[in-house]
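Written out below as structure tokens is the structure these notes cover.
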Amino acid sequence: MDEICKYCGARHFKGERTPDQKFSLCFSKGKVILPPPKECPELLYHLFTNSHPKSQHFLKMIRNYNNALAFASMRAQIDIPTGRGPYCFRIHGQIYHDTLASRYLNQDTLNPAPKYAQLYFIDSSQANEFRGNNPANERCDRTLMEQLDFLLRQCNPHAAVYKNMSQMVTEEDILAEMEGRRPMQIAMIIHNDRRTQDERRCNSPTGEEIAVVFKSIDGAPPGNRDIHVAIF
Numbered sequence: 033m034d035e036i037c038k039y040c041g042a043r044h045f046k047g048e049r050t051p052d053q054k055f056s057l058c059f060s061k062g063k064v065i066l067p068p069p070k071e072c073p074e075l076l077y078h079l080f081t082n083s084h085p086k087s088q089h090f091l092k093m094i095r096n097y098n099n100a101l102a103f104a105s106m107r108a109q110i111d112i113p114t115g116r117g118p119y120c121f122r123i124h125g126q127i128y129h130d131t132l133a134s135r136y137l138n139q140d141t142l143n144p145a146p147k148y149a150q151l152y153f154i155d156s157s158q159a160n161e162f163r164g165n166n167p168a169n170e171r172c173d174r175t176l177m178e179q180l181d182f183l184l185r186q187c188n189p190h191a192a193v194y195k196n197m198s199q200m201v202t203e204e205d206i207l208a209e210m211e212g213r214r215p216m217q218i219a220m221i222i223h224n225d226r227r228t229q230d231e232r233r234c235n236s237p238t239g240e241e242i243a244v245v246f247k248s249i250d251g252a253p254p255g256n257r258d259i260h261v262a263i264f
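Residue numbering for the sequence shown follows this note's numbering, starting at 33 and increasing by one per position.
If you want it as structure tokens, here you go:
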């Protein structure tokens, strides 16, 4: 693949040229004009381009950082292939993403340490303390973990929604105590209202597009939902 498209720089085989000596598989002979990509956050740019003092460490431990900062865990039935060929990661059946309860309200029991999306429901310093105490992250740099957590809380729309949810829970607890009643249940719907639009295309989401935080007496969401995150 040594033929280069003059419009986008994509590599092609020589036989993929059209009769007018252009390529139609990538930019459709220059007819497709894409907007410039958004600027990469400075920290990530330097980490990925080896221009950060901790780039080598980050790239070596990138899966650990990714798992530590993830909002959900993936669960599936792993189908282990037999034979002597190269390893192939194969999934059989349904894929699940577990976010866990946002907050445990039963203070009389020993609750497990928060993880995944729960860590965005609490203060950043607390979240990073829990991450640092996880044996899986013992080789991760704590300062870098704090910087990445701060970056996600600033840029990621999901993190912003969890922060709004946390604030609403605090406000509802105070209001319920003043009014002498039990707090209403706070929940979040992570939804997708674009099922028929832009299929097979990843549009950049915004906080308002990905989720709605609401409160109700019984915790039931208003209408249909996709992913329901509640306080237990």
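Backbone N, C-alpha and C fix where the C-beta goes; we use that ideal spot for every residue, glycine too.
Simplified DSSP state of residue i, which is helix, strand or coil
i             : result
glycine 125   : strand
aspartate 155 : coil
proline 94    : It should be pointed out that residue 94 corresponds to isoleucine in this sequence rather than to proline. Isoleucine 94 falls in the helix class under three-state DSSP.
serine 56     : coil
proline 51    : coil
arginine 163  : helix
N-terminal and C-terminal residue of the alpha helix (DSSP H) that residue i is part of
i             : result
glutamine 179 : 174 to 187
glutamate 74  : 74 to 80
Classification of residue i by the beta-carbon crowding that lies within 10 angstroms, buried from 16 upward
i                : result
methionine 210   : exposed
arginine 95      : exposed
cysteine 120     : exposed
tyrosine 128     : exposed
threonine 238    : Because the pLDDT at threonine 238 is just 46, under 50, the model does not fix this residue reliably, and the point stays unresolved.
leucine 151      : buried
valine 201       : buried
glutamate 240    : Below a pLDDT of 50, predicted positions are generally treated as unreliable, and glutamate 240, at 47, falls in that range; no measurement from the model is reported.
cysteine 40      : exposed
aspartate 34     : exposed
asparagine 138   : Any reading at asparagine 138 is ruled out, since the residue's pLDDT is 48, under 50, leaving its predicted position unreliable.
valine 64        : exposed
asparagine 82    : exposed
phenylalanine 45 : exposed
leucine 180      : buried
Beta bridge counterpart(s) of residue i as assigned by DSSP
i              : result
histidine 44   : Glu35
methionine 106 : His129
Proximity winner among the options, relative to residue i (alpha-carbon distances)
i             : options                       : result
leucine 91    : His78, Ala102, Phe103         : His78
serine 56     : Ser156, Ala42, His89, Pro67   : Ala42
histidine 190 : Ser87, Asn82, Cys72, Leu101   : Leu101
methionine 93 : Cys58, Cys172, Gln179         : Cys172
asparagine 99 : Lys147, Arg122, Gln158, Ser87 : Lys147
Min CB distance residue i to chain D below 8 Å
i           : result
alanine 108 : In the structure shown, chain D cannot be found, because there is only a single protein chain.
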